[in-house]
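Chains as they are written, first to last, in our numbering: chain A, 1 to 227; chain B, 1001 to 1227. Data block below; observations after.
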DNA sequence: AAGGAAACTTGATGCACGTCAAGGTCGTGC
DNA sequence: GCACGACCTTGACGTGCATCAAGTTTCCTT
């Protein structure tokens, strides 16, 4: 069984809470509960109202929406240490996305009122929340830019480069953080198209694909690659 | 010439600042300056660092980015009372978009330090900033959803319905808030396509177009219209 | 190890939307 | 009033990516 002490320790490791005093962490702990999710399990549906936000501890969560025709679009992939749901918590509006565990996962739920208390007690915490939301916004604007004025190949390349980090121009191996189906959706394309693009890039000698392992052979050239 | 008193009055009318005390408004005023923009004038370029954010007082500002190939994409249209640039102010990152006046406009620039002071003095203000950013995020998620799983016709319909508001099913006239070129870009399509779609909807008897004036003849049927 | 279901690949085909090019319409200045 | 330019419309055409339909591989189950 997990004790409140565990939760306190986990909270204090999160970027968002790292600089809080022990007493503040303690009061946050009171409003926090741990949730275990099995692979494929829904955390919340589209349209739900949240009374607090979440932080992933382990596993992987996908945020997505699905259209009337049943096809779904992945908006974000959440890994350990990342939070989600802040915006709708503050807005008190129904969530535009649903959250589902891609693998067995553990998340923390932090009650809205605990957050408000922390904001009241510590304006630096408020600033950190603001910075967190700003980063999220920044990322979404980036997504919109990608979707609207880059080709599918360019989006895949951007994704790969981000995956290997700002590494040097040598060969770098990395592993896809999820199934190709999920990655494709995140990049706003079909699995078929992603498959073809990867095949293509491999043909040009820019990358090597072996299952989920992808080796970027020449980052510089990949950056410059223009279909 | 505009005196500080004018600025104070304008600030206190903005949603973001409405509940601040007079003394707080006064200290914000000190960090605020007014900027006049001629039609077509740039407020800031893509890549700029902002030392504060903006609030439109009159006129209309477009936020957009442009690709290497020169075509540009409108992310948001800012009208009087709306603020923009908060996120990059908090993040201290280069702006992913540029801001340009579509008509002669006046905006206020509120210095970062004044905002931080206000957050420190009033946690309710911090919450309002958080809510503001959350709303922005919500809107962007909505945009991403529209772009990725709705057809161009559906996007235009959504735009028109939003324009006439949640009005009853009768005929409602409204005016496009900008040139069709700008609207098209905001909806992520070319002017040609927008033109064709409007023509199409008119042919089906759902709307009537006369220059910038558009009359939604049957909102209910328009909602249900499926190409 | 064998079987089966996911996940992935590959090819053939289609269509929504962009692109290019040629008018048309409106407003604005001389 | 006329002429010029900005904005918009209309048509013909091209294409990037989705869709549909088989395979093939991977991996999980028993």
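Ideal Cβ placement from N, Cα and C applies to all residues, glycine included.
Could you tell me which residues DSSP puts in a beta bridge with residue i?
i: residue 1055(B); result: 1083(B), 1108(B)
i: residue 89(A); result: In the DSSP output, where bridge partners are listed per residue, residue 89(A) has none listed.
i: residue 1044(B); result: 1099(B)
i: residue 36(A); result: 106(A)
i: residue 157(A); result: According to DSSP, which records beta bridges pairwise, residue 157(A) is partnered with nothing at all.
i: residue 77(A); result: 62(A)
According to DSSP, is residue i part of a helix, a strand, or is it coil?
i: residue 72(A); result: strand
i: residue 66(A); result: strand
i: residue 216(A); result: strand
i: residue 209(A); result: strand
i: residue 172(A); result: strand
i: residue 1010(B); result: helix
i: residue 187(A); result: coil
i: residue 146(A); result: helix
i: residue 1001(B); result: Bear in mind that the predicted position of residue 1001(B) carries a pLDDT of just 46, short of 50, making it too unreliable to give a figure here.
i: residue 204(A); result: coil
i: residue 165(A); result: coil
i: residue 1140(B); result: helix
i: residue 1021(B); result: coil
i: residue 1123(B); result: helix
i: residue 1049(B); result: coil
i: residue 225(A); result: coil
i: residue 134(A); result: helix
i: residue 1030(B); result: helix
Since I believe residue j is in contact with residue i (beta carbons under 8 Å), could you give me their beta-carbon distance rounded to a whole number of angstroms?
i: residue 110(A); j: residue 156(A); result: Between residue 156(A) and residue 110(A) the Cβ distance is about 35 Å, and since that is not below 8 Å, they are no contact.
i: residue 1169(B); j: residue 1220(B); result: 4 Å
i: residue 107(A); j: residue 56(A); result: 5 Å
i: residue 130(A); j: residue 1016(B); result: Not confirmed; about 13 Å, so no contact.
i: residue 59(A); j: residue 101(A); result: 6 Å
i: residue 20(A); j: residue 122(A); result: 7 Å
i: residue 1160(B); j: residue 1214(B); result: 7 Å
Going by the CB atoms, is the gap between residue j and residue i shorter than 7 Å?
i: residue 97(A); j: residue 46(A); result: yes
i: residue 1112(B); j: residue 1052(B); result: yes
i: residue 1025(B); j: residue 1011(B); result: yes
i: residue 1163(B); j: residue 1174(B); result: yes
i: residue 124(A); j: residue 1119(B); result: no
i: residue 43(A); j: residue 1137(B); result: no
i: residue 73(A); j: residue 1148(B); result: yes
i: residue 48(A); j: residue 95(A); result: yes
i: residue 1037(B); j: residue 1105(B); result: yes
i: residue 229(A); j: residue 206(A); result: For chain A, the structure presents residues 1 to 227; residue 229(A) sits outside this window and is missing.
i: residue 293(A); j: residue 50(A); result: Nothing about residue 293(A) can be read from this structure; chain A reaches only from 1 to 227.
i: residue 34(A); j: residue 1065(B); result: no
i: residue 1189(B); j: residue 140(A); result: no
i: residue 1194(B); j: residue 1210(B); result: no
i: residue 1176(B); j: residue 1212(B); result: yes
i: residue 1061(B); j: residue 1032(B); result: no
Q: Residues of the segment 1125 to 1150 of chain B with a CB closer than 7 Å to any CB of chain A: list them in chain order, please.
A: Listed by position along the chain: 1126, 1127, 1129, 1130, 1131, 1133, 1134, 1135, 1136, 1137, 1138, 1140, 1141, 1142, 1143, 1144, 1145, 1147, 1148, 1149.
Q: Closer than 8 Å, Cβ to Cβ, to anything on chain B: give me those residues from the segment 95 to 124 of chain A, in chain order.
A: Result list: 96, 97, 116, 119, 120, 123.
Q | Interface positions of the segment 1048 to 1079 of chain B facing chain A (Cβ-Cβ less than 7 Å), listed along the chain | A | Of all residues in the segment 1048 to 1079 of chain B, 1065, 1067, 1071, 1073, 1075 have a Cβ within less than 7 Å of some Cβ in chain A.
(Q) Any C-beta of chain B within less than 7 Å: which residues of the segment 8 to 39 of chain A qualify? (A) Within the segment 8 to 39 of chain A, no residue qualifies.
**Q.** chain A contacts from the segment 1162 to 1185 of chain B (Cβ-Cβ distance under 8 Å)
**A.** Residues of the segment 1162 to 1185 of chain B with a C-beta atom less than 8 Å from some C-beta of chain A do not occur.
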